[in-house]
Every structure is written in C-alpha cells, then in structure tokens.
Amino acid sequence: MAKGITTRKENYSQWYNDLVIKADLAEYSAVRGCMVIKPYGYAIWEKMQAVLDKKFKDTGHENAYFPLFIPKSFFSKEAAHVEGFAKEVAVVTHYRLKNDEVNGGVIVDPDAKLEEELIIRPTSETIIWNTYKNWIQSYRDLPIKINQWANVVRWEMRTRLFLRTAEFLWQEGHTAHATSQEAVEETEKMLDVYADFVENWMAVPVIKGLKSESEKFAGAIDTYAIEALMQDGKALQAGTSHFLGQNFAKAFDVQFANKEGKLDHVWATSWGVSTRLMGALVMAHSDDKGLVLPPKLAPIQVVIVPIYKNEEQLNEISRTAVKIKSELESKGISVKFDDRDFHKPGWKFAEYELKGIPVRLAIGPRDMENGTIEIARRDTLEKSSRSQEGLSDYISDLLDEIQTSIYQKAFRFREENTTEVYNWEEFKEVLENKGGFISAYWDGTTETEEKIKQETKATIRCIPLDGENETGTCMYSGKPAKYKVIYAKAY
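Encoded structure:
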C-alpha cells in the first residue's frame, strides 16, 4: 500500500500529496485549483464539524446561513477589507448563457450583464453586517452570536490539497456586542475553543498568540491565532479569531441605543477554521507507511480482520468477531469487521495501516483455540496478544493511551524544534539547517519584519500570549524590543 508513497525524507511535499490521494482523503478535480473530498476524508471532516459545532453551541452560538454572493459595492465600504481580498475574489458578471450558433456549444450572453457584479464570498463580514443592520436597534438585541458552516472561494495560483485550494469548506463565526470588553472576551474565548479542539481532539500542540500588524486579518483591530508545527519544520496557522472593533459596524452603519438611550456603533468579532485542519492532521502525525489518526477523529477506531483457511473457520471466527464488535460499540467505539473474501489478511493489514486506523485486531484459528486475539496499534506499530476476556475495557483504555501518545510525540517534536536565538547570523543558521519555531526579540517595526521576510521567507507567526514581559534587543536591527515573537517558514 505504501509503496507508491514518496518518503518524507525524500520529498516532504510529495509525500503529503501522495498520502492524501493514496489514503482516499481527496483528489484534484476537473476545476483548476479545486478538490474533491472523498468519503473517507469527508468522514474525518464530519467528526471535526460535530465536535466544533457542539463547542460553539455550548458557548451560546447559533447556526445560520448567509448568501454565497455578495454585491461588489459591499466590499467598497470597508477599505482595509477590500484591499486585503481584492486580488483573491471571484466575480460573477453575467446571469445566463446562450447557444453559440457559429461554433456550437454555449457562450456567455453579452446581453445578460448584471447591473452590479457579485463577489463569490471569500469571507462573509460584509453581507452579514449589512444583514445585522436590520436585526439590531437596541442593547436588548445584543449580543448576536452566529456561526455559519459554508464554502468560500479565494483564487489561488499555487494549490495543495486541503492546505490551499480555490474553494474550501469552513465555519465562520460573526458576533455583535454592546461593549468593546465583551467583544474582546469573545475573541479570546473562541481562540481557546480552537486551541482546546486542536490539542485535545487533533492531538496537535499549538501556540496561542497575536498576529503582527502586517499579518492580521484585513479589517481587524487584532487577530489572534493558534500556530502549529508540522514535521518538516514549517508552521501552519490552524485557526484565527479577530477583534473587529467597530470597523464593520461603522462601514454598514450598524448602531444601537444603549441603556442610557444614546446611539453607539456595535462591537464585532469573527473567527474561523477550515478544511486546512485536515492538512494539519495529516502532516503533524503521519509516517511513511500512511496516515496516523488520533482515535477521537478516526472514522473507524478499530478494525477486526479474520484469518482463516476455509468457510467453516470463517463462520466460527465471525461469531466471535461480531460479539467483540458489539461489545466495543456499546462503549461508543466505532468498529469495522472486514470479512471480505477477495482480499488476503496481509492486504487488509496494509490498507488499514495506510488509512491510519488506530487499532487493528486479528483473529485466527489458533486465537479461537486459546481465547486470545492479536492487537496492533497504528501509532507505534507494536503488536501484542491478549485474552479476549475484558477486551472491550482494554481497547477503550488503549484508545485513550494512543490519543495521549500521539499528542505527546507531537509536543516533544515541537519542543525539540523550538530554538531561541539572539542575533541575525544565528537566526539564519537555525532557519536554514534546523527550521522549526524560532523565538527571538523583535523591535516591533513593520520595516524589520518585511526585511526578514524578504531575506529568508520566514514570517512572524505570532506574538505569544504567554510570552515574557522582559525587554531585549531585536536580533535583526539591534534596536530595543518589547517582546519575543515566534518566527518560522509557513504554509
């Protein structure tokens, strides 16, 4: 199964692409820059959705849906927003086709030009704040806490499955508040929700921090982010939460009467994660043999493979396997019993190794005689044999152990690949030969940030929220610095 996959050491980028395709997560579509998410990949995304959706609702949010199309004039109302997205938007200019009488086929009807072009949403702040204007008159109408599960389109010149595609799936939260403090608290709360999900379900450690001025969301006052480290030493932004201030409320004239009866503009947030998390899941944990999925997000947590020579043996093993499957499912564990007779056990073992199934159980005639079962765990590739008695409790505990083990491995990797540097030569040497996260003092100027980016392609990933308050000297300019930041090359 893994023979067609390039090794990580040979070519990490090709390894990732091979693995996503071979493991049946996704494939390229006939539309340039777009992907088809296949059933197995979508099943993982559905599990992500389910967990996040519950977290959103538990924190007081409701789901709604807003139009895919946004009038072009809406984007003109918030200057920073339109500047940030102008080069990425797809534009609808006509509303119908007609038959091509000369060459056959169809052409755009030149007489069907829209009076105002429509933008296919790259993000929904503008259409949502235009809508909120009709919903908000008084402080009694606040807060509004809405989440939307949707697709968005951002033209990309260089695409990569899940990580960067012209169309992708995501959720975007948009909230409205009576005070700045409420909005900031919401922004920070949702960052914590994302960090909890990525660490405790995806088993990927993250750094929570603020984006620099040049890296923040177009139209935001502050952008908070969680940054994760992939196995090739590059960073991946796993989620963002934005404090929008009153920028969009002022752009769309969304005002409310406060408790004193005075008019004030509403305070806003937005926050989102996307199918980019699927890419993070693959790159953070998987190996040259295939996917390594944390049990909490694996569509199939346990697979049972029978080993037999004849139908009589299969029937006997099947009765035991079905009983085991039922016991495991009663504990909320997802189980597949693979009794297909057109693939040999070895082929099945390789398939489930490739697909990252956390635990594989194998039962043969000797196991039936001894009341035992073979257990293989995907994360360490270790095999063991144990009694079938008390198996469901053992497997339940084993899945928890695997979840923790995968996280700890990723955490150790991040710790080993986070380096503190204090001068420019050391920075370049670490970036070139080791990679990973680099912690260094920054003088806070956009000029220094841009020069570092131009010379090394490394960017400031975030200003850690739990960073040191001590001052230091900028490793590039030698000027006084107020805080340390995290640098890295990134996806």
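The number in our numbering is simply the position in the sequence shown, starting from 1, with 34 added. Cβ atoms here follow ideal geometry from the backbone N, Cα and C, with glycine treated the same way. Bear in mind that the values here come from a model prediction, so they are computed numbers and not experimental data.
Exercise. In chain order, what residues of the same chain have a beta carbon less than 6 Å from the beta carbon of Ser-439, not counting five sequence neighbours either side?
Worked result: For the purposes of this step, residue 439 is taken as the residue at position 405 of the sequence shown. The answer, listed in chain order, is Asp-413.
Exercise. Taking the runs of the alpha helix (DSSP H) that are 4 residues or longer, which of them lie wholly in the region 439-485?
Worked result: 458-467
Exercise. Taking contact to mean at least 3 C-beta pairs separated by less than 8 Å, is the region 321-335 in contact with the region 296-309?
Worked result: no
Problem set entry | Asp-52 versus Gly-470: straight-line alpha-carbon distance, rounded | For the purposes of this step, residue 52 is taken as the residue at position 18 of the sequence shown. For the purposes of this step, residue 470 is taken as the residue at position 436 of the sequence shown. Spanning the two alpha carbons is a distance of roughly 23 Å.
Exercise. By how many angstroms is the C-alpha of Glu-112 removed from the C-alpha of Tyr-50?
Worked result: Sequence index remark: in the sequence shown, residue 50 carries index 16 (1-based). Sequence index remark: in the sequence shown, residue 112 carries index 78 (1-based). When rounded, the distance between both Cα atoms is 38 Å.
For this session: Determine the extent of the alpha helix (DSSP H) in which Thr-41 is found, giving its start and end residues.
Result: Residue 41 sits at position 7 when you count from the first residue of the sequence shown. No alpha helix (DSSP H) contains Thr-41, which DSSP labels as neither H nor E.
Exercise. From Asn-133, Lys-268, Tyr-173 and Ile-472, pick the residue whose C-alpha is nearest to that of Glu-216; which is it?
Worked result: Here residue 216 is taken as the residue at index 182 of the sequence shown, counted from 1. Answer by Cα proximity: Tyr-173.
Exercise. In whole angstroms, what is the alpha-carbon distance linking Glu-122 and Asn-344?
Worked result: Position 88 of the sequence shown, counting from 1, holds the residue named residue 122. Position 310 of the sequence shown, counting from 1, holds the residue named residue 344. The alpha-carbon atoms of Glu-122 and Asn-344 are separated by roughly 60 Å.
For this session: Just confirm the distance between the C-beta atoms of Ala-184 and Glu-206, as a whole number of angstroms; I'd bet it's less than 8 Å.
Result: By 1-based counting over the sequence shown, the position of residue 184 is 150. By 1-based counting over the sequence shown, the position of residue 206 is 172. 7 Å between Cβ atoms; contact.
Exercise. In angstroms, rounded to a whole number, what distance separates the CA positions of Ile-180 and Thr-209?
Worked result: In the sequence shown, the residue the question calls residue 180 occupies position 146. In the sequence shown, the residue the question calls residue 209 occupies position 175. Near 6 Å, if we compare the C-alpha coordinates of Thr-209 and Ile-180.
Exercise. Just to check, is the beta-carbon of Val-85 closer than 6 Å to a non-hydrogen atom of the ligand COA?
Worked result: Within the structure as shown, the ligand COA is missing, as the structure has no ligands at all.
Problem set entry | Proximal residues to Gly-38 (C-beta, below 8 Å), its chain only, five neighbours per side dropped | Translated into positions along the sequence shown, residue 38 becomes position 4. Here the set comprises Asp-52 and Lys-56.
Problem set entry | Those residues which DSSP pairs with Cys-496 across a bridge | Taking the sequence shown and counting its residues from 1, one reaches residue 496 at position 462. In the DSSP output, where bridge partners are listed per residue, Cys-496 has Ile-520.
For this session: Give me whichever residues DSSP pairs with Tyr-258 in a beta bridge.
Result: Indexing the sequence shown from 1 puts residue 258 at position 224. Partner(s): Leu-244 and Ser-275.
For this session: Can you say whether Lys-513 is buried or exposed, counting buried as having 16 or more other CB atoms within 10 angstroms of its CB?
Result: Taking the first residue of the sequence shown as 1, we reach residue 513 at position 479. When all chains shown are included, Lys-513 counts as exposed.
For this session: Run the CB neighbour count on Glu-483, radius 10 Å, all protein chains shown included, and call it buried at 16 or more, exposed below.
Result: Sequence index remark: in the sequence shown, residue 483 carries index 449 (1-based). Burial call: buried.
For this session: Inspect the CB distances between the region 267-279 and the region 515-524 and report whether three or more fall short of 8 Å.
Result: yes
Exercise. Just curious, the alpha helix (DSSP H) that Trp-79 is in, first and last residue?
Worked result: For the purposes of this step, residue 79 is taken as residue 45 along the sequence shown, with counting starting at 1. Here the alpha helix (DSSP H) through Trp-79 covers 73-92.
Exercise. Run through DSSP, which three-state label would Glu-387 get?
Worked result: As a first step, residue 387 must be located in the sequence shown, where it is residue number 353. Helix, per DSSP.
Exercise. When you compare only the Cα positions, how much space is there between Ala-302 and Glu-80?
Worked result: Counted from its first residue, the sequence shown places residue 302 at position 268. Counted from its first residue, the sequence shown places residue 80 at position 46. Spanning the two alpha carbons is a distance of roughly 28 Å.
Problem set entry | Exposure label - Trp-169; buried when at least 16 CB within 10 Å | Within the sequence shown, residue 169 is the residue found at index 135, counting from 1. Exposed.
For this session: Could you check the C-alpha separation between Val-186 and Thr-199 for me, to the nearest Å?
Result: On the sequence shown, residue 186 is found 152 positions in, with the first residue counted as 1. On the sequence shown, residue 199 is found 165 positions in, with the first residue counted as 1. Those two C-alpha atoms are separated by around 10 Å.
Exercise. If you pair each beta-carbon of the region 418-436 with each one of the region 394-409, do three or more pairs fall below 8 Å?
Worked result: yes
For this session: Identify the continuous alpha helix (DSSP H) that holds Pro-399 and give its terminal residues.
Result: Locating residue 399 in the sequence shown gives position 365, counting from the first residue. Unbroken alpha helix (DSSP H) run through Pro-399: 399-404.
Problem set entry | For Ala-60 and Pro-73, the rounded distance between their alpha carbons | Working through the sequence shown from its first residue, we reach residue 73 at position 39. Working through the sequence shown from its first residue, we reach residue 60 at position 26. Whole-angstrom Cα-Cα distance: 8 Å.
Exercise. Helix, strand or coil for Pro-514 per DSSP?
Worked result: Here residue 514 refers to the residue found at position 480 of the sequence shown. Strand at Pro-514.
Exercise. Where in the region 314-378 do unbroken runs of the alpha helix (DSSP H), each at least 4 residues long, occur, reported from the N-terminal end onward?
Worked result: 345-363
Exercise. Can you tell which of Ala-229, Lys-378 and Leu-331 has its C-alpha closest to the C-alpha of Ala-84?
Worked result: Counting from one through the sequence shown, the residue named residue 84 turns up at place 50. Of Ala-229, Lys-378 and Leu-331, the residue nearest in Cα terms is Leu-331.
For this session: Pull up the DSSP beta-bridge partners for Ile-178, would you.
Result: Position 144 of the sequence shown, counted from the start, is the residue given in the question as residue 178. DSSP lists Ala-210 as partners of Ile-178.
Problem set entry | Segment limits, alpha helix (DSSP H) that includes Val-116 | Working through the sequence shown from its first residue, we reach residue 116 at position 82. First-last of the alpha helix (DSSP H) with Val-116: 113-119.
For this session: Tell me, to the nearest whole angstrom, how far the beta carbon of Leu-499 is from that of Gly-273; I am working on the premise that it is less than 8 Å.
Result: Against the sequence shown, residue 499 aligns to sequence position 465. Against the sequence shown, residue 273 aligns to sequence position 239. At roughly 14 Å, the Cβ-Cβ gap does not stay under 8 Å, so Leu-499 and Gly-273 are not in contact.
For this session: Would you give the residue range spanned by the beta strand (DSSP E) that Glu-159 belongs to?
Result: Counted from its first residue, the sequence shown places residue 159 at position 125. Counting along the chain, Glu-159 falls outside any beta strand (DSSP E), though it belongs to the alpha helix (DSSP H) covering 159-169.
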